[in-house]
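Notes to accompany the following structure.
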Amino acid sequence: MGISNCFQDFIAGPWISLIGAGIVCWLSFSAMTYVMGILETKKIIRKKQEDREAQFKKLESQSRYQLNEKHEKILSLSDDELIDQLQSRKLTAVEVQEAFIAKSIKVTREFNMVTEFIPQAEEWAKELDAMKGSLRGPLHGFPISVKDNCNVIGMDSTIGLGKFLYQPAEDSSAIVKSLMALGAIPFAKTNVPQTLLSFGCANPVFGLTKNFLNSSLSPGGSSGGESSLIAAGGSRLGIGSDIGGSVRIPAHFTGIAGFKVTKGRFCGTGFRGSLPNVVGIMGVPGLLADNINMIAKTTKYMTENNLQTKYDPLAVPIPWNEQMFSKKKLKIGYFTSLPYFPLVGDTEEIVLKAKSALESQGHTLVPFEMPDSFEMMNLVFDFCFGDAGEYLLKNWRHEPIPLSVVVNFMICKSPMWMRKVIVLIMGCKWMPLVHSSRAVTIIGRGANSTSKLWERLGDRKKMTEDLLTSWKAANLDLVLCPTYPFPAVPHHMPGRLQPSVFYTMIWNLFDFPAGVIKWGTESGEKVDKYDCQNDMVLRTGKQGAKQATGMPISVQIVGLPFQEELVLRGLAELEAVSPYKKK
Ligand SMILES: *[C@@H]1O[C@H](CO)[C@@H](O)[C@H](O)[C@H]1NC(C)=O
Ligand SMILES: *[C@@H]1O[C@H](CO)[C@@H](O)[C@H](O)[C@H]1NC(C)=O
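Numbered as in UniProt numbering, the sequence shown ends at 583 without a single skipped number.
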């Protein structure tokens, strides 16, 4: 036996076994703690589900929450009529609340919009009714629904994760407080997709929310509980949040109106965010309602007198500008399909119809050119994955992962080299089935060093300045554009279609205010002609659109930062001549 063999035996013998045993121990230990962690989470989730069912059953057992004729009469009033009757005290806050709870619980049994009703709501309503001879404000007694992630005192903000259950908010968010100061009463919290980073609407705690217009289709996300509840008539006004279209996409999927502001115009304190510390993309609060009039009115009440500053000094103190909201002749730029995600089916035609409608009202419309669409989305995902997904992974620790976010989860879980291999494969035009120039803008991105992040923030700044320059050069008030490439898709699809958030997400990148309103429905006639460019994501979009015949399509109106009033004016101009106008 040579000396080298002897040496090898020494090394390979006990040491290797020891290291091997160590690794096996470590692996089984981590597997065990992982399984135990998940089981623990599932136990808490089950408890919440039981408590939720008990709450629903208790409400349903009381006759005042069983939908009756008196409720139906209240529910049939328009927003303005409802406000009038509450102001004149013809209706009490308690009566109105009972009607909306009765309706909400009924539709939630079928479509699963409300996560939990707010137990304090009844007391708040009684307090308002006890105010003799005075009113709390212009929304005295008006019931509102609140998205899961927006804090309401005493309620959980879960974002669909077990780790946030049974941690009731100690205080309400500033936007809830502002609306309550106006007299509104939050009565229910509504469902979201887990982590909020999806335009589907499912999580392991509260389950799947369905679109009120068609239960096989998604209500959109992440404010999907809100959109479906409002579409069903269970609520008239909802608070949502929007970091990539989370207010506007659900509104689009359900045919209602949605509006997101410039950062700061609505107070943003007291939300549980999806990526709370991300830079370069602005997550902001927004409102959903079945008409723009209600959203405009609420925005006015919220901003006049700088009400919000009282609850959140970070709210930008710009009071409502009535003159801007009354502007008569608007100059509006427009664009339709962009290369990053070409529009499917009737969407393009519906944007052009909105353009004609605005022209027939005397407004001037001119084509507007947007920056390179792939570069906009590269920027978006460089910011979203600026930490290579670490924050999300931390939230996902010991949590069951639903289908709708499984793709995001896998991306975050893969080491950088594996992501590069996937990008290489998917980026290759000759790879049948999996090629996607859109998917690689997500998987391969992430400004994961400080210098890279600064560089990309610089690129964003330059792109925003260029956009502002061409906007100003054309002397535009607004821009009209699509909301989304296609209508509502089946529940299993959102996880595979993240790039489709393009038309909404770019306005969170630039931080411009934007709102949407229904302007048509999909006939399904042109979907077959759609050119998928051999791209997996576009192909999925086409398959989704094929199942969306008859579903609503909205258009989007965008304004310059802090010109919310003009955006609302543009949307109100459309609503005034809308065939879908609610009374
Ligand atoms: C950061 O991103 C670059 C470029 O995509 C990649 O080469 C690198 O491995 C990443 N670093 C980390 C720590 O993830
Ligand atoms: C709902 O959508 C599904 C899937 O596209 C479709 O098959 C069904 O006909 C739709 N139902 C209604 C009532 O439109």
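Every residue gets a Cβ at the ideal spot worked out from N, C-alpha and C, and that includes glycine.
Going by C-alpha positions, D511 is about 37 angstroms away from E110. Counting every other CB atom within 10 Å of its CB across the protein chains shown gives T469 a total below 16, marking it as exposed. Relative to ligand 2, even the nearest heavy atom lies 7 angstroms or more away from the CB of P339.
Using a C-beta cut-off of 8 angstroms, the region 488 to 496 makes no contact with the region 569 to 577, since fewer than three inter-stretch Cβ pairs fall below that distance. Relative to ligand 2, Q543 has its C-beta separated by 7 angstroms or more from all heavy atoms.
Residue pairing by DSSP places S554 opposite K518 in a beta bridge.
Taking 7 angstroms as the cut-off, one finds no heavy atom of ligand 2 near enough to the beta carbon of P219. Contact between the region 237 to 249 and the region 496 to 507 is present: 3 or more CB-CB pairs across the two stretches fall below 8 angstroms. By DSSP's assignment, L213 forms no beta bridge with any residue. With a cutoff of 8 angstroms on beta-carbon distance, R460 and N378 are scored as not near each other. Only residues of its own chain outside the window of five on either side were considered, and among them A357, S360, Q361 have a CB closer than 8 angstroms to the CB of V577, listed in chain order. Boundaries for A447: no alpha helix (DSSP H) harbours it, and the DSSP string shows neither H nor E there.
Between L86 and A296, the CB-CB gap reaches or exceeds 8 angstroms. A residue is called buried when at least 16 other Cβ atoms come within 10 angstroms of its Cβ; K73 does not meet this threshold and is exposed. By the neighbour-count definition (other C-beta atoms within 10 Å, threshold 16), V380 is a buried residue.
Short of 8 angstroms from the beta carbon of G37, and not among the five residues preceding or following it, lie these beta carbons of its own chain, in chain order: R397, H398. Note that the C-beta distance between I332 and L478 is below 8 angstroms. In the structure shown, T92 falls within a coil segment according to DSSP collapsed to helix, strand and coil.
Around the beta carbon of I425, fewer than 16 other beta carbons sit within 10 angstroms, so the residue counts as exposed. Contact residues of ligand 2 (beta-carbon closer than 5 angstroms to any heavy atom; chain order) are N214, S216, Q547. Residue burial is scored here from C-beta neighbours: F117 has at least 16 other C-beta atoms within 10 angstroms and is therefore classed as buried. Three or more Cβ pairs closer than 8 angstroms define a contact, and the region 279 to 293 falls short of that threshold against the region 119 to 128. Counting only unbroken stretches of 3 or more residues, the beta strand (DSSP E) elements lying wholly within the region 250 to 306 are 257 to 260, 284 to 289, in sequence order. Along the length of the region 337 to 421, whole beta strand (DSSP E) runs at least 3 residues long occupy 364 to 367, reported in chain order.
Here DSSP, grouped into helix, strand and coil, assigns G224 to helix. According to the DSSP assignment, G20 belongs to the alpha helix (DSSP H) that extends over 16 to 60.
Taking 8 angstroms as the cut-off, the beta carbon of F383 is found closer than this to the beta carbon of R456. For K529, the number of other beta carbons within 10 angstroms of its own is below 16, and it is reported as exposed.
Counting along the chain, the unbroken alpha helix (DSSP H) around A174 starts and ends at 174 to 181. Taking the C-beta atoms as reference points, N306 is found no nearer than 8 angstroms to P313.
Remark: C-beta atoms of S436 and V278 do not approach each other more closely than 8 angstroms. The residue from F271, S198, L213, I422 with its alpha-carbon nearest to that of G495 is S198.
Using a C-beta cut-off of 8 angstroms, the region 96 to 109 makes contact with the region 54 to 71, since at least three inter-stretch Cβ pairs fall below that distance.
Membership of I83 in the alpha helix (DSSP H) is indicated by the continuous run 79 to 87. Taking T262 as reference, the option from K581, Y580, E565, P561 with the minimal CA-CA separation is P561. Cβ-Cβ separation between P250 and E226: approximately 6 angstroms, consistent with a contact (criterion under 8 angstroms).
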